[in-house]
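Numbers 0 to 414, taken from numbering that gives the first Met the number 0, label the letters of the sequence shown in order. Structure record follows, encoded as structure tokens.
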Amino acid sequence: MSQVLRESISIAGLPTEIHDMIFKPERIISVKIPVRMDNGKIAVFEGYRVQHNSVLGPYKGGIRFHPEVTLETDMALAFGMTLKNSLANIPYGGGKGAVKVDPFKLSERELEELSRGYVRALFPFIGPDKDIPAPDVNTNPRIMAWMVDEYSKLAGKNVPASFTGKPPELGGNPARIYSTGFGVAVIAKAAAEVFAGGIEGKRVAVHGFGNVGSYAALWLSKFGAKVVAISNIFGSVYDPDGIDAELAAENPEVLKDVRAYPKGQKFNDTDVPLYVDADILVPASLENVITPEKVPRIKAKLIVEGANGPTVPEAERQLYMRKDFYAVVPDILANSGGVIGSYLEWVQNLNWYKMSEEEVRSKLESIMLNNYKIVMDAWKRFREKNPEKMVTMRDASFALAVERIYEAMKLRGLI
Ligand code: NAD
Numbered sequence: 000m001s002q003v004l005r006e007s008i009s010i011a012g013l014p015t016e017i018h019d020m021i022f023k024p025e026r027i028i029s030v031k032i033p034v035r036m037d038n039g040k041i042a043v044f045e046g047y048r049v050q051h052n053s054v055l056g057p058y059k060g061g062i063r064f065h066p067e068v069t070l071e072t073d074m075a076l077a078f079g080m081t082l083k084n085s086l087a088n089i090p091y092g093g094g095k096g097a098v099k100v101d102p103f104k105l106s107e108r109e110l111e112e113l114s115r116g117y118v119r120a121l122f123p124f125i126g127p128d129k130d131i132p133a134p135d136v137n138t139n140p141r142i143m144a145w146m147v148d149e150y151s152k153l154a155g156k157n158v159p160a161s162f163t164g165k166p167p168e169l170g171g172n173p174a175r176i177y178s179t180g181f182g183v184a185v186i187a188k189a190a191a192e193v194f195a196g197g198i199e200g201k202r203v204a205v206h207g208f209g210n211v212g213s214y215a216a217l218w219l220s221k222f223g224a225k226v227v228a229i230s231n232i233f234g235s236v237y238d239p240d241g242i243d244a245e246l247a248a249e250n251p252e253v254l255k256d257v258r259a260y261p262k263g264q265k266f267n268d269t270d271v272p273l274y275v276d277a278d279i280l281v282p283a284s285l286e287n288v289i290t291p292e293k294v295p296r297i298k299a300k301l302i303v304e305g306a307n308g309p310t311v312p313e314a315e316r317q318l319y320m321r322k323d324f325y326a327v328v329p330d331i332l333a334n335s336g337g338v339i340g341s342y343l344e345w346v347q348n349l350n351w352y353k354m355s356e357e358e359v360r361s362k363l364e365s366i367m368l369n370n371y372k373i374v375m376d377a378w379k380r381f382r383e384k385n386p387e388k389m390v391t392m393r394d395a396s397f398a399l400a401v402e403r404i405y406e407a408m409k410l411r412g413l414i
């Protein structure tokens with residue numbers, strides 16, 4: 000991450016001395032969370048909140064419950080949120096929280112106690128205009144509901160804007176379940192318009208038909224694209240005539256195992272979408288899926304990253320070396336629909352207003368389209384500024400995010 004920042008500072012032509020000012024977290028909070036377990040004994044859990052940077056607004060980022068979290072990983076994730084929120088062009092800094100726990104080993108009551116205990120420990124440091132947490136790995140709307148309830152009790156008033164990712168009944172975003180996948184589809188459509196003459200009839204392959212992948216496929220098909228391949232952990236389906244994305248995305252059996260889809264060719268190989276004849280590839284499963292060894296077999300000219308970090312840097316470099324390749328639209332831009340959806344949830348809570356699903360979707364779409372245009376302009380600008388370098392769309396996105404943080408620090412008189 001430090002190297003990414005150094006490179007971004009260089010591409011944006013900013014002073015190198017700002018590296019540490021941006022890289023180091025503003026505040027690290029480490030807490031103990033005692034929980035009375037069902038067996039009557041007290042267990043003490045370790046929790047963190049890294050408040051990385053607040054020059055653009057209050058800290059914002061998820062809370063992860065995982066047995067292997069460390070302060071170091073939390074710090075790296077918090078820095079990632081600072082960049083992601085800056086690029087998303089929403090008034091947030093970056094933060095991330097974690098509790099070292101295997102939540103699957105807890106009873107529902109123990110999980111609730113732990114969630115409420117985390118909020119009690121952090122209460123002085125978080126809140127709607129200070130730090131707004133959200134779900135991340137192994138945390139969900141149910142846990143956010145407990146957390147917002149605990150925060151409100153301590154504050155002595157109802158504070159729905161203290162957490163995002165709540166159930167819609169408690170002021171949550173009614174489009175949250177598909178915000179990230181929808182955003183990926185909006186960005187893919189915008190990129191297809193710029194590079195390939197539009198989305199209509201374009202063949203799309205989706206690697207990882209989970210939350211992000213299935214909704215990206217669904218919305219892309221609504222936008223006129225033809226989904227030709229999908230995969231998940233069990234295998235793949237390929238149908239050059241088009242997969243019915245609605246049928247697939249709304250069928251629990253297909254979501255469990257894509258091979259349950261009634262038509263098309265079925266494979267046990269999970270990588271089929273990477274190699275089929277497609278115009279757009281959406282990797283939406285895990286990190287490091289597109290490796291240099293796989294690049295020669297990839298036919299798509301446009302890659303839109305739904306997952307975090309699916310393209311290995313060397314593979315990305317090789318893709319750009321191909322004469323006919325358009326771009327890898329990076330995760331930091333393409334999958335920002337979730338955090339922008341969180342921002343819209345916070346805005347409606349702050350205003351005691353309830354947006355309809357259509358209103359959220361339309362605002363989300365317009366923010367994402369605007370961000371896409373701004374990144375394209377920045378990409379052109381940074382390429383012109385660095386003629387000796389191969390500046391990718393990812394490099395431009397990071398450099399733009401860093402440039403915004405730098406400008407805010409300068410305006411505040413911090414540098
Ligand atoms: P998910 O668990 O709902 O879906 C992941 C899918 O990938 C599953 O269908 C799984 O079977 C499939 N998969 C796993 N390994 C595979 C393999 N080797 N080959 C093919 N398919 C495989 O998770 P998700 O929430 O959709 O997240 C997917 C990615 O998107 C992750 O990288 C996540 O960090 C990122 N992301 C998610 C969100 C969000 O709002 N959900 C937001 C930003 C980024």
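Where is the CB? At the ideal position from N, CA and C, for every residue including glycine. None of these values were measured; they are calculated from a predicted model.
In this structure, the beta-carbon distance from Ile176 to Lys188 does not fall below 8 Å. For Phe162, no alpha helix (DSSP H) run applies, since DSSP gives it neither H nor E. Boundaries of the alpha helix (DSSP H) harbouring Ala215: Asn210 to Lys221, taken from the DSSP string.
Under DSSP, Leu280 shares a beta bridge with Ala204 and Ile302. Apart from sequence neighbours up to five positions away, the residues of its chain that approach Ser106 with a beta-carbon distance below 7 Å are Asp37, ordered along the chain. The shortest CA-to-CA distance from Gln2 to any of Asn250, Phe78, Val136 and Val147 is the one to Phe78. Ranked by how close their Cα comes to the Cα of Arg115, the residues Arg202, Leu368, Leu153 and Gly61 have Leu153 in first place. For Ser230, the shortest C-beta to heavy atom distance toward the ligand NAD is below 7 Å. By the C-beta density criterion, Met320 is exposed, having fewer than 16 other C-beta atoms within 10 angstroms. Arg258 carries a helical assignment under DSSP once its states are collapsed to helix, strand and coil.
In the displayed model, Asn369 falls within a helix according to three-state DSSP. Bounds of the beta strand (DSSP E) holding Pro134 are Asp130 to Pro134. The alpha carbon of Val226 has as its nearest neighbour, out of Val211, Val205 and Tyr214, the alpha carbon of Val205. The alpha-carbon separation between Arg380 and Ala215 amounts to approximately 30 Å. Pairing Pro291 with Lys300, the inter-Cα distance amounts to about 16 Å. For the 8 Å CB-CB criterion, Pro57 and Val43 do not form a contact. Here Thr310 carries a strand assignment [DSSP, helix/strand/coil]. Of the residues assessed, Asp19 falls on the exposed side of the cut-off, its CB having fewer than 16 other CB atoms within 10 angstroms.
Take the alpha-carbon of Val136 and the one of Ser335: they are about 16 Å apart. Contact annotation: the region 380 to 389 does not touch the region 20 to 27, with fewer than three C-beta pairs closer than 8 Å.
Comparing C-alpha distances from Ile89 to each of Ala377, Ile366 and Gly412 shows the shortest one belongs to Ile366. Comparing alpha-carbon positions, the option among Glu313, Val281, Val303 and Gly308 lying closest to Pro295 turns out to be Glu313.
At a cut-off of 7 Å, the beta-carbon of Phe208 counts as near the ligand NAD: some heavy atom of the ligand is closer than that. Taking non-hydrogen atoms of the ligand NAD into account, the C-beta of Glu252 is found less than 7 Å away from none of them. Annotation: the region 44 to 93 contains the following complete segments of the alpha helix (DSSP H) (minimum length 4 residues), in chain order: 70 to 86. Closer than 7 Å to some heavy atom of the ligand NAD: that describes the Cβ of Val211. Shown here, Arg393 sits in a helix according to DSSP, grouped into three states. Contact between Ile8 and Val390 is ruled out by a C-beta separation of about 14 Å, above the 8 Å threshold. In the DSSP assignment, Pro33 falls outside any alpha helix (DSSP H) and within the unbroken beta strand (DSSP E) covering Arg26 to Arg35. If you draw a straight line from the Cα of His51 to the Cα of Leu285, it is about 25 Å long.
Its Cα nearest to that of Arg26, the residue Lys95 stands out among Phe64, Arg5, Lys95 and Pro14. For Ala228, the secondary structure class from DSSP, reduced to helix, strand or coil, is strand.
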